Amino acid sequence: MIEKPEKQNMPDTNPVFSMIKNYAVKLGIETPGGVSDYVNDELTRMSVLTLLLSYSSDVLENEKIGEGELIQLMEGLLWSLGGKAAFLFSIGEKDQKSHLMAKYGSGWAVHEKIYLALKKADFYMLLRDSDENYIEGNFTPENDIEVASPGKFLFIRLGERGKIRGALVLETGEEKEGFSPMEINLSISFCALLSSWQKRRELEQKLHLQTKELDAREFRLFTVYQVSKALGAMLEIEEVIRLTSDMLVEVMNADLSLILLMNEEGDRLEVAGGKHLEPGTRMPEITIDCGDDLPAWLEHIGGEGEVFTDFSSPSLRAAFPGMEKTFLLHGIQMAVPMIHKHKLLGFLALGKKFGGASYNKQDIEFMSILGPLAANAISNAQLYELSILDGTTRLFMMRYFKQRCREELKHAARYKKPLAIIMWDIDFFKDVNDTYGHIKGDEVLRKIGQIFKKGTRPDVDVVARYGGEEFIMMMPRYAHEQAVKSANDIRETFGAYPFLDGAVKLTISGGVAMFPEDGSSYDELIECADDQLYRAKRGGRNNICCSKKIVGKEKTDADPKKKMKKKQEKQHGR
């Protein structure tokens, strides 16, 4: 805390004080005390004090003025007035609360009294509406202000009549009874400079905030443009979810983003993906059942772009009975429904902002734009999946498999990379349908599709349903040993899986064909893999067979008559 030194030891480090002191000496003031204490000539005093105002005006024109510069100006003012202490307050435009900006001099014990006085509504209004821009007074033993003239304290308004931006409070020295008219006029002029500086600073701050908001808006519009282009080019729903989740936490500065999608039955929301920035935190497994009032809610919100920060509305509770409790439990603070052609696809959800900030108007506007974009991208991805995925197993259809396989074969031939094709057949699957029915059979097929997905490399390997209970797999860049090992791992997982809650145990057989050893074209590799699958079935099932040429032995089925006999046997069943 800065304290005012004794007059005879006044330092020359303050440029304001040094300038005024030197000027006063030129005018015949040899004692380095306050000008008001030692000069009786009004013209001389006015000359010194005018110099202070001129210098203060130059200082306050500086855009980088801070508390240190304000303290220097108040030191010069006090020395010129012969004052004891000075307190500079700002009063918030919105909250109307006093905030201490700077203080100088002795008498800090009175600071709390001044602060409490400025907080009182009656005194605040009195100072705000005063015709004279100032109030003189003293503090009573009850810590109230007793308005009197002259007084030990001078309260000068910063701002116009009817509007107050702050106040400068001055305390006279012990030897003075109050402030003279000239000192009051000087102080008012000084405060006019401070008020002008404060007004300019407020305008600069508002302009800075507006500029930041415009920059943020421009950035988000640019982000929306780039995201819309990226989402429009994506056809795989996993990519759409991944991009949207990453972008949400980065742009919105959120600790959590979730993508909830409607299930196939249309009665439940489930987490399809998201991103969590808290280290070591797992993604929440959220499911939210839909209520009977979901159609009415969709009609009520009136289309796309609705953003929710409050999940307690009766209509939302009726549409999703468990949403409010679930979202509060996992810290979800904002959600926007993804609606496409009056159909609810799911929700984008956000956790809390880092730093404890609240989501603002610009955040809500951004989410209202992103919701429809994500909904359109997810709808397109879902339609694309319908065209390339088998409806039961969610594995690829053969049309897509052939296209991808021919593309990968061209790449493998160009860069001399291996490629494996594996043909699969479920052993005795007909017995499942005959025993448990086709509905349970489809349930088993769905589980089989999941086993294949977990046993292969995402975004690299391609698995398709060949037909019925037959499947086919392409594994680019896998040599013979890697392909056989992966096939055996899948076979073992398959054999240990408890289908239909353990009621059904199944085995699977596979045949492996390698590029380029077993063929250089799609048709040649498919035929070879099918031959090896036939050998696995004839060899007792529940095993994996590959070309003998791969393991260093001659093939035994090269005879055309044997091949013809084998095809005839295939046609009559295995």
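All residue numbers for the sequence shown refer to my numbering, where the first residue is 10 and numbers rise by one.
Just so it is clear, CB atoms sit at the ideal spot from N, CA and C, and this is done for glycine as well.
Given the structure is predicted, the values throughout are model-derived calculations rather than measurements.
As the crow flies, the alpha-carbon of residue 351 is around 40 angstroms from that of residue 441. A straight line joining the alpha-carbon of residue 523 with that of residue 495 spans about 14 angstroms. Put simply, the stretch 374-385 touches the stretch 343-350. At least three CB pairs are less than 8 angstroms apart. If one requires a minimum length of 4 residues, the alpha helix (DSSP H) runs lying completely within the stretch 298-377 are 303-310, 323-328, 332-338, in chain order. CA-CA distance, residue 182 to residue 216, rounds to 41 angstroms.
DSSP lists 519 as the bridge partner or partners of residue 553. Residue ranges of uninterrupted beta strand (DSSP E) with 3 or more members, entirely inside the stretch 462-525 and ordered along the chain, are 471-476, 479-485, 517-524. Rounded to whole angstroms, residue 469 and residue 290 show a C-alpha spacing of 28 angstroms.
As computed with DSSP, residue 111 is found in a beta bridge with 97.
Bounds of the beta strand (DSSP E) holding residue 145 are 143-148.
In the structure shown, the three-state DSSP call for residue 231 is helix. At the C-beta level, residue 356 and residue 404 stay beyond 8 angstroms of one another. Non-local C-beta neighbours of residue 540 in its own chain, meaning closer than 6 angstroms and more than five positions away in sequence, are absent. Between residue 254 and residue 208, the CB-CB gap reaches or exceeds 8 angstroms. Assigned with DSSP and collapsed to three states, residue 166 falls in strand. Secondary structure at residue 277: strand, using DSSP grouped into helix, strand and coil.
Under the DSSP assignment, residue 264 falls outside any alpha helix (DSSP H); it carries neither an H nor an E label. Going by DSSP, residue 181 is part of the beta strand (DSSP E) stretching over 175-181.
Between residue 503 and residue 517, the C-beta spacing is below 8 angstroms.
DSSP places residue 428 in the strand class (E or B) of the three-state scheme. When DSSP states are grouped into helix, strand and coil, residue 410 belongs to the helix group. Between residue 252 and residue 240, the beta carbon gap of about 7 angstroms places them in contact (Cβ cut-off 8 angstroms). Counting along the chain, residue 295 sits inside no alpha helix (DSSP H), nor does DSSP assign it H or E at all. The DSSP-derived three-state label of residue 243 is coil. Between the stretch 83-95 and the stretch 167-174 there are fewer than three inter-stretch CB-CB distances shorter than 8 angstroms, so the stretches are not counted as touching. Taking the Cα positions, residue 139 is about 54 angstroms away from residue 339. Sequence-distant partners of residue 174 (beyond 5 residues in either direction) whose C-beta falls short of 8 angstroms from its own C-beta, in its chain, are 99, 100, 102, 167, 168, 204, 207, 208, 211. Here the stretch 434-448 makes no contact with the stretch 381-394; the two share fewer than three CB pairs at distances below 8 angstroms. For residue 533, no beta strand (DSSP E) segment is defined; the enclosing uninterrupted segment is the alpha helix (DSSP H) at 531-547.
Each residue's CA atom was taken as its position, placing residue 242 and residue 435 some 37 angstroms apart.
For the pair residue 413 and residue 493, the Cα-to-Cα distance works out to about 21 angstroms. By the neighbour-count criterion, in which a residue is buried when 16 or more other Cβ atoms sit within 10 angstroms of its Cβ, residue 134 is exposed. For the 8 angstroms CB-CB criterion, residue 354 and residue 384 form a contact. Residue 439: member of the alpha helix (DSSP H) spanning 439-445, first to last residue. In this model, residue 194 and residue 218 are separated by some 36 angstroms (Cα to Cα). Taking a contact as a CB-CB distance under 8 angstroms, the pair residue 431 and residue 460 does not count as one, their CB atoms being some 14 angstroms apart.
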